[in-house]
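In the working numbering, the protein residues as written are 970 to 1239.
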């Protein structure tokens, strides 16, 4: 029986993916910062819940070791934990900037490093990194979030070359707007009243996000794409999740910088 380790499994995409894989006969190591807040995953057969904070090296080592001890092996790592920081760069303290990169990039790399020796020993395994449409396109006030997701795209593509000769596959999943808690605990917005120059842009971004969020995809939609990525036997690297992801990424690919960025400015009346 195959085993998947999932970070950020307490809600949203992570929880939906844990349930999807468990329903389809996999062992699941569902990790989260606060397992006490688990929403029923621990009661499911062949699911092991564990504390894992991607910014806490000891918790990473312990969770990986516990998972292997429980199920004997890990076949797929899903790096899902993360959040979005939006706002003017000037409005963020350096601590908040570091927290965004520590969670979305450095933590992802540290979890991957913890699992890779196991994959190398077995000459098998799949690393799936959750990126975003925001890993290939950007919106105003998204310097931090987009910076981290562009980093995830780059490091994943490089790892694809690095690990494939060792029998280890790397996949990138790119969700569009998803019905999750991204606007709650998974969202960090910074606005400084001492920086009024950015207020009109923040208002425009609110309107644009409102339009983009009118018909978000369900977390289960992303879970199905993750399932497809985990079971893909070829060398495919990127998997889009949601119709808006398809449309926006196609537009970005087909248009030059001036045309695409000009379109975003026009929609925001900038």
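Just so you know, even glycine gets a beta-carbon here, dropped at the ideal spot from N, CA and C.
These numbers were taken from a predicted model, which means no experiment stands behind them.
| Asked | Found |
| --- | --- |
| Neighbour-count burial assignment, residue 1165, 16 or more Cβ in a 10 Å radius | exposed |
| Stretch pair the region 1094-1105 + the region 1038-1057: three plus CB contacts closer than 8 Å | yes |
| Residues near residue 1135 by beta carbon distance below 7 Å, same chain, minus five either side | 1089, 1092 |
| Proximity of residue 1055 and residue 1110 at Cβ, strictly below 7 Å | yes |
| Cα-Cα separation between residue 1162 and residue 1104, rounded to whole angstroms | 29 Å |
| Three-way DSSP call (helix, strand, coil) for residue 1235 in this model | helix |
| Runs of beta strand (DSSP E) wholly within the region 1025-1058 (minimum 3 residues, chain order) | 1045-1048, 1053-1056 |
| Classification of residue 1169 by the beta-carbon crowding that lies within 10 angstroms, buried from 16 upward | exposed |
| Coil, strand or helix - residue 1001 by DSSP | strand |
| Chain-order list of residues whose beta-carbon lies under 7 Å from that of residue 1024 (same chain, five-residue window excluded) | 1071, 1072, 1076 |
| Beta bridge counterpart(s) of residue 1186 as assigned by DSSP | 1147 |
| Integer Cβ distance of residue 996 from residue 972, believed to fall under 8 Å | 4 Å |
| Buried or exposed by the 16-neighbour rule on C-beta atoms within 10 Å, applied to residue 1118 | buried |
| Cutoff 8 Å; reference residue 1173; Cβ partners in own chain excluding five residues on either side | 1109, 1237, 1238, 1239 |
| Residue 1017 - partner residues in DSSP beta bridges | 998 |
| Own chain, CB closer than 6 Å to residue 1028, minus 5 neighbours either side, in chain order | 1020, 1021, 1022 |
| CA-to-CA distance, residue 1188 to residue 1011, given in whole angstroms | 19 Å |
| Through-space distance from residue 1220 to residue 1229, alpha-carbon basis | 7 Å |
| Beta-carbon proximity check, residue 1084 vs residue 1033, cutoff 7 Å | yes |
| Residues that DSSP places opposite residue 1094 in a beta bridge | 1137 |
| In DSSP terms, what residue 1075 is bridged to | None; residue 1075 has no bridge partner. |
| Cβ-Cβ distance between residue 1185 and residue 1146 below 7 Å | yes |
| Selected residue, minimal CA-CA separation from residue 956, among 974, 1080, 1042, 1059 | Absent from the structure is residue 956, since the part of the chain shown begins at 970 and ends at 1239. |
| Between the CA atoms of residue 1057 and residue 1167 - distance to the nearest angstrom | 7 Å |
| Which of helix, strand or coil DSSP assigns to residue 1110 | coil |
| Closer than 6 Å: residue 1179 CB and nearest the ligand GDP heavy atom | Of ligands this structure carries none, so the ligand GDP is not represented either. |
| Reference residue 1195, options 1203, 1213, 986, closest by Cα | 986 |
| Straight-line gap, residue 1216 to residue 1193 (C-alpha atoms, nearest Å) | 19 Å |
| Local Cβ density within 10 Å of residue 1005, reported as buried at 16 or more and exposed below that | exposed |
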